[in-house]
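Trainee:
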């Protein structure tokens, strides 16, 4: 089931047109997929921008066209590889690193997805991207003809775990591919608190909508609070002077959640003259 399939399924189940996901999970990948519903779809960008966490299995000695287990095998070798070899190269993959997205990906070039070029057998030049790897740790190591490693990864949005796997294999001179992947966190949403599609279907049948979270749940921005009068002005596109705004923090973040009577009414932006509406929800 693709991420888009999940969106279509939820539209039918909830009978709501406005449904969207916040970051594609490749087919065959399991884990957390935050879904925005109704007015929440207007906040998807703020969730998408946040970091992700994964548990990945990497198999060494086997490379594939897609850099994961779904693709055609392009090379097999039985590497003489030890745990210490992998531990030696891991530090060079931490911090800010340059990544070339895989050809079989949804990245666009000249209006077409890279996977469209790949399926046509066309080679195109792909510009590298800078991503941030906050954590890359070796959790388990399995010996064998094709050694396997379980990695715990925390990274910025846009990071391809397939490419990390491939590049680790390149660094070790034996090749590798990502043989399994689970996204265990997306922004603040963790897999332990997530609902399966089966659980959501069962809950809705019982009239239980506890899986629907408040609009503020997934946004990592400071909060400011407006009175009913100023909240109404905000809705109509009017700025608010700083002295009329109650703030939960004195951070330097220009964008803030705007709360009125306990509800998120929009996203504001601080300017010299005061608080201005950036996105109005209600």
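Numbering (our numbering), first residue to last: 7 to 288.
Even glycine gets a Cβ: it sits at the ideal position worked out from N, Cα and C.
When the distance is taken between beta carbons, is residue 266 closer than 7 angstroms to residue 232?
Mentor: Taking the first residue of the chain shown as 1, we reach residue 232 at position 226. Taking the first residue of the chain shown as 1, we reach residue 266 at position 260. A contact, by the Cβ cut-off of 7 angstroms.
Trainee: Please return the same chain residues whose Cβ sits closer than 8 angstroms to the Cβ of residue 39, not counting the five positions on each side in sequence.
Mentor: Sequence index remark: in the chain shown, residue 39 carries index 33 (1-based). Answer for residue 39: 9, 12, 27, 28, 29, 31, 189, 192, listed in chain order.
Trainee: Return the residue from the list 108, 145, 234, 137 that minimises the CA-CA distance to residue 99.
Mentor: Indexing the chain shown from 1 puts residue 99 at position 93. Of the candidates 108, 145, 234, 137, the one whose C-alpha sits nearest the C-alpha of residue 99 is 137.
Trainee: Just verifying my parser: in three-state terms, what is the DSSP assignment at residue 129?
Mentor: Reading the chain shown from its first residue, position 123 is the one you call residue 129. Three-state DSSP puts residue 129 in coil, outside helix and strand.
Trainee: In whole angstroms, what separates the C-alpha of residue 132 from that of residue 107?
Mentor: Counting from one through the chain shown, the residue named residue 132 turns up at place 126. Counting from one through the chain shown, the residue named residue 107 turns up at place 101. Roughly 7 angstroms separates the two Cα atoms.
Trainee: Going by the CB atoms, is the gap between residue 64 and residue 171 shorter than 7 angstroms?
Mentor: The residue given as residue 171 occupies position 165 in the chain shown. The residue given as residue 64 occupies position 58 in the chain shown. Yes. Within cutoff.
Trainee: Here's a check: name, in chain order, each residue in its chain whose Cβ is nearer than 6 angstroms to the Cβ of residue 36, leaving out the five neighbours to either side.
Mentor: The residue labelled residue 36 in the question sits at position 30 within the chain shown. Short of 6 angstroms from the beta carbon of residue 36, and not among the five residues preceding or following it, lie these beta carbons of its own chain, in chain order: 188.
Trainee: Please check the pair residue 70 and residue 79, which I expect to be a contact at CB under 8 angstroms, by giving their CB distance rounded to whole angstroms.
Mentor: As a position in the chain shown, residue 70 is number 64, starting the count at 1. As a position in the chain shown, residue 79 is number 73, starting the count at 1. Correct: roughly 6 angstroms between the Cβ atoms.
Trainee: From the DSSP output, in three-state form, read off residue 18 for me.
Mentor: Here the question's residue 18 lines up with position 12 in the chain shown. If DSSP states are grouped into helix, strand and coil, residue 18 belongs with the helices.
Trainee: Excluding sequence positions up to five away, which residues of its chain have a Cβ less than 6 angstroms from the Cβ of residue 24?
Mentor: Taking the chain shown and counting its residues from 1, one reaches residue 24 at position 18. Within the same chain, residue 24 has close Cβ partners 44, 47.
Trainee: For residue 247, which residues from the same chain have a beta carbon less than 6 angstroms from its beta carbon, with the 5 sequence-adjacent residues on both sides left out?
Mentor: Counted from its first residue, the chain shown places residue 247 at position 241. Listed in chain order, the non-local C-beta contacts of residue 247 below 6 angstroms within the same chain comprise 280, local neighbours out to five positions each way being set aside.
Trainee: Consult DSSP for residue 201 and reduce its assignment to one of helix, strand or coil.
Mentor: Reading the chain shown from its first residue, position 195 is the one you call residue 201. Correct three-state label for residue 201: coil.
Trainee: Hey, residue 261 and residue 271: beta-carbon distance below 7 angstroms or not?
Mentor: The residue labelled residue 261 in the question sits at position 255 within the chain shown. The residue labelled residue 271 in the question sits at position 265 within the chain shown. Not in contact: residue 261 and residue 271 (Cβ atoms no closer than 7 angstroms).
Trainee: Grab me the residues of residue 167's own chain with a C-beta within less than 7 angstroms of its C-beta, minus the 5 sequence neighbours each way, in chain order.
Mentor: Residue 167 sits at position 161 when you count from the first residue of the chain shown. Here the set comprises 60, 62, 159, 184, 187.
Trainee: For residue 89, report the span of its beta strand (DSSP E) as first-last.
Mentor: Along the chain shown, one-based indexing puts residue 89 at 83. First-last for residue 89: 89 to 95, but that is the alpha helix (DSSP H), not the beta strand (DSSP E).
Trainee: Starting from the Cα of residue 284, find the closest Cα among 161, 268, 263 and give me that residue.
Mentor: Reading the chain shown from its first residue, position 278 is the one you call residue 284. Measuring from the Cα of residue 284, the nearest candidate turns out to be 263.
Trainee: Can you tell me whether residue 26 is helix, strand or coil according to DSSP?
Mentor: Position 20 of the chain shown holds residue 26. Strand, per DSSP.
Trainee: Let me confirm a value: residue 155 is counted as buried when at least 16 other C-beta atoms fall within 10 Å, else exposed. Which label applies?
Mentor: Walking along the chain shown from the start, residue 155 turns up at place 149. Label assigned to residue 155: buried.
Trainee: Name the DSSP beta bridge partners of residue 31, please?
Mentor: As a working mapping, residue 31 is identified with position 25 in the chain shown. According to DSSP, residue 31 bridges with nothing at all.
Trainee: Comparing alpha-carbon positions, which option in 74, 34, 103, 269 lies nearest residue 221?
Mentor: Residue 221 sits at position 215 when you count from the first residue of the chain shown. Answer by Cα proximity: 269.
Trainee: Distance, Cα to Cα, residue 227 vs residue 54?
Mentor: Counting from one through the chain shown, the residue named residue 227 turns up at place 221. Counting from one through the chain shown, the residue named residue 54 turns up at place 48. Those two C-alpha atoms are separated by around 13 angstroms.
Trainee: At what residues does the alpha helix (DSSP H) containing residue 240 begin and finish?
Mentor: Locating residue 240 in the chain shown gives position 234, where the first residue counts as 1. First-last of the alpha helix (DSSP H) with residue 240: 234 to 241.
Trainee: Can you tell which of 140, 198, 234 has the C-alpha that lies nearest to the C-alpha of residue 157?
Mentor: By one-based count along the chain shown, residue 157 stands at place 151. That would be 140, whose Cα lies nearest to the Cα of residue 157.
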